[in-house]
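Residue numbers (my numbering): 1 to 502. What follows is a set of notes on a single structure, which appears directly below.
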(Lines of atoms letter the chains of each structure in order from A and count residues from 1; the text may use other names and numbers.)
(Lines give C-alpha, C1' and ligand atoms only; values in the text may rest on other atoms or scores of the structure.)
Protein backbone atom coordinates (compact mmCIF):
# COMPACT_ATOMS: atom_id res chain seq x y z
CA UNK A 1 0.00 0.00 0.00
CA UNK A 2 1.35 3.40 -0.96
CA UNK A 3 0.03 6.83 -1.83
CA UNK A 4 0.92 10.17 -3.36
CA UNK A 5 0.33 12.51 -0.42
CA UNK A 6 3.83 13.04 0.98
CA UNK A 7 6.06 16.04 0.12
CA UNK A 8 8.50 14.01 -2.02
CA UNK A 9 5.81 11.91 -3.73
CA UNK A 10 4.11 12.73 -7.02
CA UNK A 11 2.03 11.23 -9.83
CA UNK A 12 2.95 11.21 -13.52
CA UNK A 13 0.49 10.81 -16.38
CA UNK A 14 1.27 10.68 -20.09
CA UNK A 15 -0.64 11.01 -23.37
CA UNK A 16 0.88 9.44 -26.49
CA UNK A 17 -1.09 11.75 -28.82
CA UNK A 18 -0.01 15.06 -27.24
CA UNK A 19 3.29 13.71 -25.77
CA UNK A 20 2.38 15.69 -22.67
CA UNK A 21 3.60 14.63 -19.21
CA UNK A 22 1.53 15.92 -16.29
CA UNK A 23 3.01 15.94 -12.81
CA UNK A 24 0.72 16.13 -9.78
CA UNK A 25 2.21 16.92 -6.36
CA UNK A 26 0.56 17.43 -2.97
CA UNK A 27 -0.18 21.12 -2.56
CA UNK A 28 2.05 22.87 -0.04
CA UNK A 29 -0.62 25.51 0.66
CA UNK A 30 -3.43 23.33 1.97
CA UNK A 31 -3.97 20.48 4.38
CA UNK A 32 -6.57 18.70 2.24
CA UNK A 33 -6.06 16.48 -0.81
CA UNK A 34 -5.48 19.36 -3.25
CA UNK A 35 -2.72 18.83 -5.82
CA UNK A 36 -0.39 21.23 -7.63
CA UNK A 37 -0.09 20.44 -11.33
CA UNK A 38 2.62 21.13 -13.86
CA UNK A 39 2.99 19.82 -17.41
CA UNK A 40 5.60 19.69 -20.16
CA UNK A 41 5.98 18.15 -23.60
CA UNK A 42 8.47 15.57 -24.83
CA UNK A 43 9.65 17.31 -28.00
CA UNK A 44 12.38 14.84 -29.00
CA UNK A 45 10.69 12.38 -31.36
CA UNK A 46 13.44 9.82 -30.77
CA UNK A 47 12.72 9.50 -27.06
CA UNK A 48 9.37 9.16 -25.35
CA UNK A 49 7.90 8.35 -21.98
CA UNK A 50 9.96 5.19 -21.42
CA UNK A 51 13.14 7.24 -21.74
CA UNK A 52 11.70 10.02 -19.56
CA UNK A 53 10.73 7.57 -16.81
CA UNK A 54 14.14 5.90 -16.99
CA UNK A 55 15.80 9.28 -16.45
CA UNK A 56 13.44 10.09 -13.58
CA UNK A 57 14.22 6.74 -11.94
CA UNK A 58 17.94 7.37 -12.36
CA UNK A 59 17.58 10.77 -10.67
CA UNK A 60 16.25 8.91 -7.63
CA UNK A 61 19.20 6.49 -7.70
CA UNK A 62 17.36 3.47 -9.12
CA UNK A 63 19.54 0.61 -10.44
CA UNK A 64 22.79 2.38 -9.54
CA UNK A 65 25.63 0.49 -7.84
CA UNK A 66 26.23 3.29 -5.34
CA UNK A 67 22.63 2.99 -4.10
CA UNK A 68 22.66 -0.66 -3.13
CA UNK A 69 19.65 -2.40 -1.65
CA UNK A 70 19.53 -1.79 2.14
CA UNK A 71 21.50 -4.29 4.24
CA UNK A 72 20.36 -3.05 7.65
CA UNK A 73 17.20 -1.68 9.19
CA UNK A 74 16.29 0.53 12.09
CA UNK A 75 13.93 -0.83 14.73
CA UNK A 76 11.22 1.25 16.39
CA UNK A 77 13.57 1.89 19.30
CA UNK A 78 16.13 3.47 16.99
CA UNK A 79 18.58 0.56 17.02
CA UNK A 80 20.04 -0.70 13.73
CA UNK A 81 20.68 -4.35 12.91
CA UNK A 82 21.71 -6.37 9.88
CA UNK A 83 18.99 -7.79 7.67
CA UNK A 84 19.15 -11.58 7.84
CA UNK A 85 15.62 -12.24 6.54
CA UNK A 86 13.49 -11.38 3.52
CA UNK A 87 12.24 -7.83 3.24
CA UNK A 88 9.55 -6.70 0.76
CA UNK A 89 10.64 -6.47 -2.87
CA UNK A 90 8.87 -3.12 -3.12
CA UNK A 91 10.39 -0.65 -0.66
CA UNK A 92 9.04 2.48 -2.34
CA UNK A 93 9.40 3.80 -5.87
CA UNK A 94 7.11 3.80 -8.90
CA UNK A 95 3.74 2.04 -9.07
CA UNK A 96 1.57 2.31 -12.17
CA UNK A 97 0.90 1.10 -15.68
CA UNK A 98 1.79 1.35 -19.35
CA UNK A 99 -1.42 1.23 -21.39
CA UNK A 100 -1.65 -0.72 -24.65
CA UNK A 101 -1.45 2.43 -26.81
CA UNK A 102 2.14 2.95 -25.59
CA UNK A 103 2.84 0.63 -28.54
CA UNK A 104 3.29 3.77 -30.66
CA UNK A 105 6.56 4.39 -28.77
CA UNK A 106 7.83 0.80 -28.85
CA UNK A 107 7.07 -0.51 -32.37
CA UNK A 108 8.84 0.96 -35.39
CA UNK A 109 6.94 1.21 -38.67
CA UNK A 110 8.43 0.87 -42.12
CA UNK A 111 9.09 4.20 -43.94
CA UNK A 112 6.06 3.80 -46.25
CA UNK A 113 3.65 2.98 -43.43
CA UNK A 114 0.79 5.29 -42.45
CA UNK A 115 1.42 4.50 -38.77
CA UNK A 116 -1.04 3.37 -36.15
CA UNK A 117 -4.71 4.33 -36.33
CA UNK A 118 -5.28 4.38 -32.55
CA UNK A 119 -2.48 6.43 -31.03
CA UNK A 120 -4.04 7.22 -27.66
CA UNK A 121 -6.65 5.83 -25.25
CA UNK A 122 -8.19 9.28 -24.82
CA UNK A 123 -10.44 8.57 -21.83
CA UNK A 124 -7.60 7.63 -19.46
CA UNK A 125 -3.86 8.39 -19.51
CA UNK A 126 -1.80 6.13 -21.76
CA UNK A 127 0.54 5.73 -18.80
CA UNK A 128 0.27 6.73 -15.17
CA UNK A 129 2.71 6.19 -12.31
CA UNK A 130 2.80 7.20 -8.67
CA UNK A 131 6.14 7.77 -6.96
CA UNK A 132 5.44 6.47 -3.45
CA UNK A 133 8.09 7.33 -0.87
CA UNK A 134 6.11 5.87 2.04
CA UNK A 135 4.82 2.30 1.95
CA UNK A 136 2.86 -0.09 4.14
CA UNK A 137 3.71 -3.65 3.06
CA UNK A 138 1.80 -6.66 4.38
CA UNK A 139 3.04 -10.24 4.10
CA UNK A 140 -0.23 -12.19 4.28
CA UNK A 141 1.62 -15.51 4.56
CA UNK A 142 3.60 -14.66 7.70
CA UNK A 143 1.38 -11.88 9.04
CA UNK A 144 4.31 -9.45 9.00
CA UNK A 145 3.65 -5.76 8.40
CA UNK A 146 6.33 -3.35 7.20
CA UNK A 147 6.37 0.45 7.43
CA UNK A 148 8.88 1.85 4.97
CA UNK A 149 9.89 5.45 4.33
CA UNK A 150 12.57 6.43 1.83
CA UNK A 151 15.19 8.92 3.01
CA UNK A 152 16.62 11.16 0.30
CA UNK A 153 20.15 12.50 0.08
CA UNK A 154 18.89 16.07 0.11
CA UNK A 155 16.72 15.52 3.20
CA UNK A 156 17.80 17.74 6.04
CA UNK A 157 17.67 16.65 9.68
CA UNK A 158 14.11 17.98 10.07
CA UNK A 159 12.80 16.14 6.99
CA UNK A 160 14.48 12.92 8.07
CA UNK A 161 12.94 13.20 11.53
CA UNK A 162 9.49 13.71 9.99
CA UNK A 163 9.89 10.43 8.13
CA UNK A 164 10.83 8.63 11.33
CA UNK A 165 7.85 10.26 13.07
CA UNK A 166 5.57 8.98 10.26
CA UNK A 167 6.73 5.43 10.90
CA UNK A 168 5.98 5.73 14.62
CA UNK A 169 2.60 7.41 14.12
CA UNK A 170 1.49 4.94 11.45
CA UNK A 171 2.52 2.06 13.69
CA UNK A 172 0.33 3.41 16.49
CA UNK A 173 -2.57 4.06 14.10
CA UNK A 174 -2.45 0.50 12.76
CA UNK A 175 -2.36 -0.99 16.24
CA UNK A 176 -5.40 1.09 17.19
CA UNK A 177 -7.25 0.19 13.97
CA UNK A 178 -6.58 -3.52 14.41
CA UNK A 179 -8.29 -3.40 17.79
CA UNK A 180 -11.23 -1.25 16.67
CA UNK A 181 -11.99 -3.21 13.51
CA UNK A 182 -11.27 -6.74 14.71
CA UNK A 183 -13.86 -9.18 13.35
CA UNK A 184 -15.94 -6.41 11.79
CA UNK A 185 -16.86 -6.07 8.15
CA UNK A 186 -18.34 -3.08 6.38
CA UNK A 187 -21.58 -3.96 4.61
CA UNK A 188 -21.95 -2.35 1.21
CA UNK A 189 -25.59 -1.54 0.39
CA UNK A 190 -26.84 -3.17 -2.83
CA UNK A 191 -28.88 -0.20 -3.99
CA UNK A 192 -28.34 0.13 -7.75
CA UNK A 193 -31.24 1.75 -9.58
CA UNK A 194 -30.07 -0.06 -12.71
CA UNK A 195 -27.26 -2.37 -13.80
CA UNK A 196 -26.93 -2.78 -17.57
CA UNK A 197 -24.31 -4.71 -19.53
CA UNK A 198 -23.34 -4.37 -23.18
CA UNK A 199 -20.44 -5.34 -25.41
CA UNK A 200 -18.31 -2.98 -27.44
CA UNK A 201 -18.82 -5.40 -30.34
CA UNK A 202 -22.02 -7.39 -30.69
CA UNK A 203 -21.80 -11.17 -30.93
CA UNK A 204 -22.23 -10.96 -34.72
CA UNK A 205 -19.53 -8.27 -35.02
CA UNK A 206 -17.08 -10.21 -32.84
CA UNK A 207 -17.59 -13.43 -34.80
CA UNK A 208 -17.15 -11.47 -38.04
CA UNK A 209 -13.83 -10.17 -36.67
CA UNK A 210 -12.77 -13.75 -35.86
CA UNK A 211 -13.59 -14.81 -39.41
CA UNK A 212 -11.60 -11.86 -40.78
CA UNK A 213 -8.63 -12.82 -38.59
CA UNK A 214 -8.86 -16.40 -39.88
CA UNK A 215 -8.84 -15.10 -43.45
CA UNK A 216 -5.65 -13.11 -42.71
CA UNK A 217 -4.06 -16.25 -41.28
CA UNK A 218 -4.97 -18.29 -44.36
CA UNK A 219 -3.50 -15.56 -46.61
CA UNK A 220 -0.23 -15.81 -44.69
CA UNK A 221 -0.31 -12.27 -43.20
CA UNK A 222 -0.13 -13.60 -39.64
CA UNK A 223 -0.33 -16.88 -37.78
CA UNK A 224 -1.92 -15.77 -34.50
CA UNK A 225 -4.23 -12.82 -33.77
CA UNK A 226 -5.12 -11.93 -30.18
CA UNK A 227 -8.55 -10.44 -30.76
CA UNK A 228 -10.35 -8.59 -27.97
CA UNK A 229 -13.40 -6.51 -27.12
CA UNK A 230 -14.79 -4.77 -24.06
CA UNK A 231 -17.72 -5.60 -21.84
CA UNK A 232 -19.20 -2.43 -20.34
CA UNK A 233 -21.36 -2.36 -17.20
CA UNK A 234 -23.24 0.86 -16.41
CA UNK A 235 -24.59 1.33 -12.88
CA UNK A 236 -27.01 4.09 -11.86
CA UNK A 237 -27.28 5.02 -8.18
CA UNK A 238 -29.27 7.44 -6.09
CA UNK A 239 -26.91 10.37 -5.51
CA UNK A 240 -27.95 10.51 -1.85
CA UNK A 241 -27.21 6.84 -1.17
CA UNK A 242 -23.93 5.29 -0.14
CA UNK A 243 -22.03 3.79 -3.06
CA UNK A 244 -19.33 1.11 -2.90
CA UNK A 245 -15.75 2.31 -2.81
CA UNK A 246 -13.20 1.01 -5.34
CA UNK A 247 -11.66 -0.98 -2.48
CA UNK A 248 -14.98 -2.67 -1.67
CA UNK A 249 -15.48 -3.64 -5.32
CA UNK A 250 -11.88 -4.85 -5.58
CA UNK A 251 -12.35 -7.06 -2.51
CA UNK A 252 -15.41 -8.64 -4.14
CA UNK A 253 -13.41 -9.39 -7.31
CA UNK A 254 -10.48 -10.72 -5.30
CA UNK A 255 -12.74 -12.96 -3.22
CA UNK A 256 -14.33 -14.65 -6.23
CA UNK A 257 -11.25 -14.68 -8.48
CA UNK A 258 -8.04 -14.56 -6.41
CA UNK A 259 -4.94 -14.22 -8.58
CA UNK A 260 -1.20 -13.78 -7.98
CA UNK A 261 -1.10 -10.32 -9.58
CA UNK A 262 -4.13 -8.73 -7.98
CA UNK A 263 -3.88 -4.94 -7.73
CA UNK A 264 -5.93 -1.87 -6.91
CA UNK A 265 -4.74 1.45 -8.31
CA UNK A 266 -6.82 4.53 -7.52
CA UNK A 267 -6.45 7.87 -9.31
CA UNK A 268 -9.15 9.97 -7.59
CA UNK A 269 -7.93 13.22 -9.18
CA UNK A 270 -8.46 11.61 -12.61
CA UNK A 271 -11.78 9.93 -11.81
CA UNK A 272 -10.88 6.28 -12.36
CA UNK A 273 -9.51 3.20 -10.62
CA UNK A 274 -8.00 -0.08 -11.84
CA UNK A 275 -9.29 -3.26 -10.18
CA UNK A 276 -7.13 -6.14 -11.34
CA UNK A 277 -7.12 -9.91 -10.74
CA UNK A 278 -4.52 -10.88 -13.32
CA UNK A 279 -2.92 -14.36 -13.32
CA UNK A 280 -0.20 -13.39 -15.82
CA UNK A 281 3.26 -11.99 -15.25
CA UNK A 282 4.49 -9.85 -18.12
CA UNK A 283 7.99 -8.95 -16.96
CA UNK A 284 10.19 -9.34 -13.92
CA UNK A 285 13.66 -7.86 -13.39
CA UNK A 286 15.54 -9.16 -10.35
CA UNK A 287 17.68 -6.05 -9.82
CA UNK A 288 20.80 -7.81 -11.09
CA UNK A 289 20.20 -8.11 -14.83
CA UNK A 290 18.02 -11.24 -14.91
CA UNK A 291 14.66 -11.02 -16.73
CA UNK A 292 11.70 -13.42 -16.62
CA UNK A 293 8.50 -13.42 -18.71
CA UNK A 294 5.56 -15.83 -18.23
CA UNK A 295 3.00 -15.67 -21.06
CA UNK A 296 -0.36 -17.42 -20.75
CA UNK A 297 -1.97 -18.95 -23.82
CA UNK A 298 -4.62 -21.64 -23.37
CA UNK A 299 -7.55 -21.36 -20.96
CA UNK A 300 -10.28 -23.73 -19.81
CA UNK A 301 -12.98 -23.10 -17.20
CA UNK A 302 -12.98 -25.10 -13.99
CA UNK A 303 -16.36 -26.70 -13.16
CA UNK A 304 -18.72 -24.86 -10.81
CA UNK A 305 -19.17 -26.60 -7.47
CA UNK A 306 -22.92 -26.93 -7.80
CA UNK A 307 -25.54 -28.78 -9.83
CA UNK A 308 -23.98 -31.85 -11.45
CA UNK A 309 -20.69 -31.24 -9.62
CA UNK A 310 -21.99 -30.68 -6.09
CA UNK A 311 -20.31 -33.90 -4.99
CA UNK A 312 -16.60 -33.15 -4.47
CA UNK A 313 -15.34 -36.45 -5.90
CA UNK A 314 -17.36 -35.95 -9.10
CA UNK A 315 -16.17 -32.34 -9.28
CA UNK A 316 -12.54 -33.46 -8.83
CA UNK A 317 -12.81 -36.00 -11.63
CA UNK A 318 -14.26 -33.41 -14.02
CA UNK A 319 -11.67 -30.81 -12.97
CA UNK A 320 -8.81 -33.26 -13.63
CA UNK A 321 -10.33 -34.20 -16.99
CA UNK A 322 -10.43 -30.55 -18.11
CA UNK A 323 -6.87 -30.00 -16.94
CA UNK A 324 -5.57 -33.00 -18.92
CA UNK A 325 -7.54 -31.86 -21.96
CA UNK A 326 -5.88 -28.44 -21.79
CA UNK A 327 -2.42 -30.00 -21.47
CA UNK A 328 -2.89 -31.99 -24.68
CA UNK A 329 -5.01 -29.56 -26.72
CA UNK A 330 -3.30 -29.04 -30.09
CA UNK A 331 -4.72 -25.56 -30.67
CA UNK A 332 -3.82 -24.24 -27.20
CA UNK A 333 -0.30 -25.65 -27.40
CA UNK A 334 0.16 -24.04 -30.82
CA UNK A 335 -0.99 -20.65 -29.44
CA UNK A 336 1.44 -20.92 -26.54
CA UNK A 337 4.42 -22.01 -28.62
CA UNK A 338 3.94 -19.14 -31.09
CA UNK A 339 4.09 -16.57 -28.28
CA UNK A 340 7.10 -18.29 -26.67
CA UNK A 341 8.97 -17.97 -29.97
CA UNK A 342 7.90 -14.31 -30.31
CA UNK A 343 9.19 -13.49 -26.80
CA UNK A 344 12.44 -15.39 -27.37
CA UNK A 345 12.97 -13.24 -30.46
CA UNK A 346 12.20 -10.00 -28.54
CA UNK A 347 14.58 -10.93 -25.71
CA UNK A 348 17.38 -11.94 -28.08
CA UNK A 349 17.60 -8.29 -29.18
CA UNK A 350 18.55 -7.12 -25.67
CA UNK A 351 20.17 -10.10 -23.95
CA UNK A 352 23.64 -11.55 -23.50
CA UNK A 353 24.40 -14.13 -26.16
CA UNK A 354 22.99 -17.59 -25.43
CA UNK A 355 21.25 -16.43 -22.23
CA UNK A 356 17.65 -16.76 -23.53
CA UNK A 357 16.18 -20.05 -22.34
CA UNK A 358 12.81 -21.66 -21.56
CA UNK A 359 12.96 -23.52 -18.22
CA UNK A 360 9.22 -24.29 -18.25
CA UNK A 361 7.24 -24.89 -21.43
CA UNK A 362 3.44 -25.13 -21.39
CA UNK A 363 2.82 -26.01 -17.75
CA UNK A 364 -0.75 -25.92 -16.40
CA UNK A 365 -1.38 -23.42 -13.60
CA UNK A 366 -4.71 -23.58 -11.80
CA UNK A 367 -6.67 -20.61 -10.45
CA UNK A 368 -10.04 -20.25 -8.77
CA UNK A 369 -12.10 -20.26 -11.97
CA UNK A 370 -9.76 -21.48 -14.75
CA UNK A 371 -6.81 -23.69 -15.67
CA UNK A 372 -4.21 -21.95 -17.87
CA UNK A 373 -1.23 -23.02 -19.99
CA UNK A 374 1.86 -21.05 -18.93
CA UNK A 375 5.45 -20.91 -20.22
CA UNK A 376 8.50 -19.26 -18.63
CA UNK A 377 11.22 -17.49 -20.64
CA UNK A 378 14.35 -16.04 -19.04
CA UNK A 379 17.45 -14.12 -20.10
CA UNK A 380 20.27 -11.88 -18.87
CA UNK A 381 20.31 -8.27 -20.08
CA UNK A 382 23.30 -6.90 -21.95
CA UNK A 383 25.53 -4.43 -20.10
CA UNK A 384 24.27 -0.88 -20.33
CA UNK A 385 20.59 -1.84 -20.55
CA UNK A 386 18.10 -1.43 -17.72
CA UNK A 387 14.64 -2.81 -17.00
CA UNK A 388 12.81 0.00 -18.83
CA UNK A 389 14.88 -0.70 -21.95
CA UNK A 390 13.75 -4.31 -21.70
CA UNK A 391 10.08 -3.42 -21.19
CA UNK A 392 10.21 -1.09 -24.20
CA UNK A 393 11.76 -3.84 -26.34
CA UNK A 394 9.08 -6.39 -25.43
CA UNK A 395 5.97 -4.17 -25.22
CA UNK A 396 3.09 -4.67 -25.80
CA UNK A 397 2.85 -8.15 -24.27
CA UNK A 398 3.07 -10.76 -27.02
CA UNK A 399 0.27 -12.76 -25.42
CA UNK A 400 -2.05 -9.79 -26.16
CA UNK A 401 -0.96 -9.18 -29.76
CA UNK A 402 -0.12 -12.39 -31.60
CA UNK A 403 2.66 -13.00 -34.08
CA UNK A 404 4.39 -11.66 -36.04
CA UNK A 405 3.89 -8.74 -33.70
CA UNK A 406 3.91 -5.57 -35.82
CA UNK A 407 1.78 -6.83 -38.71
CA UNK A 408 -0.65 -8.48 -36.29
CA UNK A 409 -1.06 -5.27 -34.26
CA UNK A 410 -1.92 -3.47 -37.51
CA UNK A 411 -4.55 -6.12 -38.31
CA UNK A 412 -5.97 -5.87 -34.77
CA UNK A 413 -6.44 -2.11 -35.17
CA UNK A 414 -8.37 -2.62 -38.38
CA UNK A 415 -10.66 -5.21 -36.76
CA UNK A 416 -11.24 -3.76 -33.27
CA UNK A 417 -11.43 -0.07 -34.35
CA UNK A 418 -11.08 1.11 -30.76
CA UNK A 419 -8.30 1.89 -28.32
CA UNK A 420 -7.73 -0.80 -25.70
CA UNK A 421 -6.52 1.67 -23.05
CA UNK A 422 -5.18 0.19 -19.82
CA UNK A 423 -6.31 -3.30 -20.84
CA UNK A 424 -3.63 -5.40 -22.61
CA UNK A 425 -0.88 -3.17 -21.21
CA UNK A 426 1.17 -3.92 -18.11
CA UNK A 427 0.86 -2.84 -14.49
CA UNK A 428 3.18 -3.17 -11.51
CA UNK A 429 6.03 -1.62 -9.57
CA UNK A 430 9.62 -0.47 -9.94
CA UNK A 431 11.35 -0.57 -6.58
CA UNK A 432 13.87 2.03 -5.44
CA UNK A 433 17.49 1.23 -4.69
CA UNK A 434 20.48 -0.01 -6.65
CA UNK A 435 19.07 -3.54 -6.71
CA UNK A 436 15.45 -2.53 -7.17
CA UNK A 437 13.10 -5.24 -8.42
CA UNK A 438 10.69 -4.53 -11.28
CA UNK A 439 7.56 -6.70 -11.53
CA UNK A 440 4.86 -6.03 -14.11
CA UNK A 441 1.72 -8.06 -14.83
CA UNK A 442 -0.39 -8.19 -17.99
CA UNK A 443 -3.59 -6.17 -17.52
CA UNK A 444 -6.23 -8.88 -17.97
CA UNK A 445 -9.18 -10.02 -15.79
CA UNK A 446 -9.47 -6.35 -14.85
CA UNK A 447 -12.20 -3.76 -14.43
CA UNK A 448 -11.56 -0.07 -15.07
CA UNK A 449 -13.94 1.82 -12.77
CA UNK A 450 -15.09 5.32 -13.80
CA UNK A 451 -17.11 7.30 -11.26
CA UNK A 452 -19.30 9.88 -13.00
CA UNK A 453 -21.55 12.62 -11.64
CA UNK A 454 -24.60 13.20 -13.85
CA UNK A 455 -25.97 16.65 -14.58
CA UNK A 456 -29.11 15.37 -12.89
CA UNK A 457 -27.94 15.77 -9.29
CA UNK A 458 -30.31 13.01 -8.21
CA UNK A 459 -28.32 10.35 -10.11
CA UNK A 460 -24.70 9.27 -9.97
CA UNK A 461 -23.22 6.68 -12.29
CA UNK A 462 -20.40 4.19 -12.26
CA UNK A 463 -19.08 2.66 -15.47
CA UNK A 464 -16.93 -0.47 -15.53
CA UNK A 465 -14.94 -1.55 -18.58
CA UNK A 466 -13.69 -5.14 -18.76
CA UNK A 467 -11.42 -6.16 -21.63
CA UNK A 468 -11.60 -9.78 -22.79
CA UNK A 469 -10.62 -11.84 -25.80
CA UNK A 470 -8.55 -14.74 -27.03
CA UNK A 471 -6.03 -15.90 -29.60
CA UNK A 472 -7.25 -16.81 -33.07
CA UNK A 473 -5.13 -19.41 -34.92
CA UNK A 474 -5.69 -21.58 -37.99
CA UNK A 475 -7.49 -24.23 -35.88
CA UNK A 476 -9.84 -21.74 -34.22
CA UNK A 477 -13.61 -22.09 -34.29
CA UNK A 478 -15.49 -18.77 -34.20
CA UNK A 479 -18.21 -19.90 -31.76
CA UNK A 480 -15.63 -21.39 -29.38
CA UNK A 481 -13.54 -18.21 -29.47
CA UNK A 482 -16.61 -16.12 -28.64
CA UNK A 483 -17.37 -18.35 -25.64
CA UNK A 484 -13.75 -18.05 -24.47
CA UNK A 485 -14.03 -14.27 -24.54
CA UNK A 486 -17.19 -14.47 -22.39
CA UNK A 487 -15.48 -16.87 -19.98
CA UNK A 488 -12.69 -14.37 -19.38
CA UNK A 489 -15.08 -11.43 -18.93
CA UNK A 490 -17.03 -13.51 -16.41
CA UNK A 491 -13.98 -13.79 -14.18
CA UNK A 492 -14.84 -10.20 -13.15
CA UNK A 493 -18.41 -9.32 -14.20
CA UNK A 494 -20.36 -11.45 -11.66
CA UNK A 495 -18.49 -9.77 -8.79
CA UNK A 496 -19.61 -6.34 -10.01
CA UNK A 497 -23.21 -7.53 -10.26
CA UNK A 498 -23.05 -9.03 -6.78
CA UNK A 499 -21.72 -5.78 -5.29
CA UNK A 500 -24.45 -3.62 -6.80
CA UNK A 501 -27.42 -5.93 -7.19
CA UNK A 502 -26.79 -8.96 -4.99
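No residue lacks a Cβ here, since even glycine has one placed at the ideal position from N, Cα and C.
In the pairwise beta carbon analysis, the segment 210 to 218 is classified as not touching the segment 251 to 259: fewer than three pairs are separated by under 8 Å. In this model, residue 468 and residue 176 are separated by some 42 Å (Cα to Cα). With a 10 Å radius around the Cβ and a threshold of 16 neighbouring Cβ atoms, residue 101 comes out buried. Less than 8 Å separates the beta-carbon of residue 448 from that of residue 421. DSSP assignment within the segment 16 to 46 yields the following whole beta strand (DSSP E) runs of 3 residues or more, N-terminal first: 20 to 26, 35 to 41. In this structure, the CA atom of residue 229 is about 7 Å from the CA atom of residue 416.
Contact between residue 364 and residue 357 does not hold, since their C-beta atoms are separated by about 21 Å, which reaches or exceeds 8 Å. Following the DSSP letters along the chain, one finds residue 261 inside the beta strand (DSSP E) bounded by residues 261 to 267. Residue ranges of uninterrupted beta strand (DSSP E) with 3 or more members, entirely inside the segment 272 to 308 and ordered along the chain, are 272 to 278, 281 to 285, 290 to 293, 296 to 301. Straight through space, the alpha carbons of residue 290 and residue 435 are spaced by roughly 11 Å. Residue 148: member of the beta strand (DSSP E) spanning 144 to 149, first to last residue. When C-alpha distances from residue 490 are compared across 231, 207, 167, the shortest belongs to 231. Its Cα nearest to that of residue 304, the residue 369 stands out among 265, 472, 369, 282. Residue 98 holds the alpha-carbon nearest to the alpha-carbon of residue 392 among 326, 403, 98. Between residue 395 and residue 381, the alpha-carbon positions lie close to 16 Å from each other. In this structure, residue 336 sits near residue 297, with a CB-CB distance shorter than 8 Å. C-alpha of residue 130 to C-alpha of residue 36: approximately 14 Å in a straight line. Contact annotation, residue 475 with residue 331: C-beta distance approximately 4 Å; criterion of less than 8 Å satisfied. Contact between residue 378 and residue 292 holds: CB atoms are separated by about 5 Å, below the 8 Å threshold. Distance check between residue 479 and each of 170, 80, 61, 206 places 206 closest, using alpha-carbon atoms only. For the 8 Å CB-CB criterion, residue 106 and residue 408 do not form a contact. Contact between the segment 309 to 329 and the segment 457 to 464 is not established, with fewer than three Cβ pairs separated by less than 8 Å.
DSSP places residue 198 in the strand class (E or B) of the three-state scheme.
Here residue 60 is buried, its C-beta having at least 16 other C-beta atoms within 10 Å. Under the DSSP assignment, residue 126 falls outside any alpha helix (DSSP H); it carries neither an H nor an E label. For residue 401, no beta strand (DSSP E) encloses it, and the DSSP letter there is neither H nor E.
Residue 447 carries a strand assignment under DSSP once its states are collapsed to helix, strand and coil. Taking the CA atoms as reference points, residue 150 sits about 20 Å from residue 27.
Scanning its chain for C-beta atoms nearer than 6 Å, with the 5 sequence neighbours on each side dropped, one finds around residue 137 the residues 88, 146, in chain order. About 6 Å separates the beta carbons of residue 192 and residue 237, which is inside the 8 Å limit, making them a contact pair. Judged by beta-carbon spacing, residue 233 lies within the 8 Å limit of residue 496, meaning their Cβ atoms are closer than that value. The criterion of a C-beta distance shorter than 8 Å is satisfied by residue 273 and residue 246. About 13 Å separates the beta carbons of residue 266 and residue 24, which is beyond the 8 Å limit, so they are not a contact pair.
DSSP places residue 485 in the uninterrupted alpha helix (DSSP H) bounded by 478 to 489.
Looking only at 287, 405, 286, 353, the smallest Cα-Cα distance to residue 340 is reached by 405.
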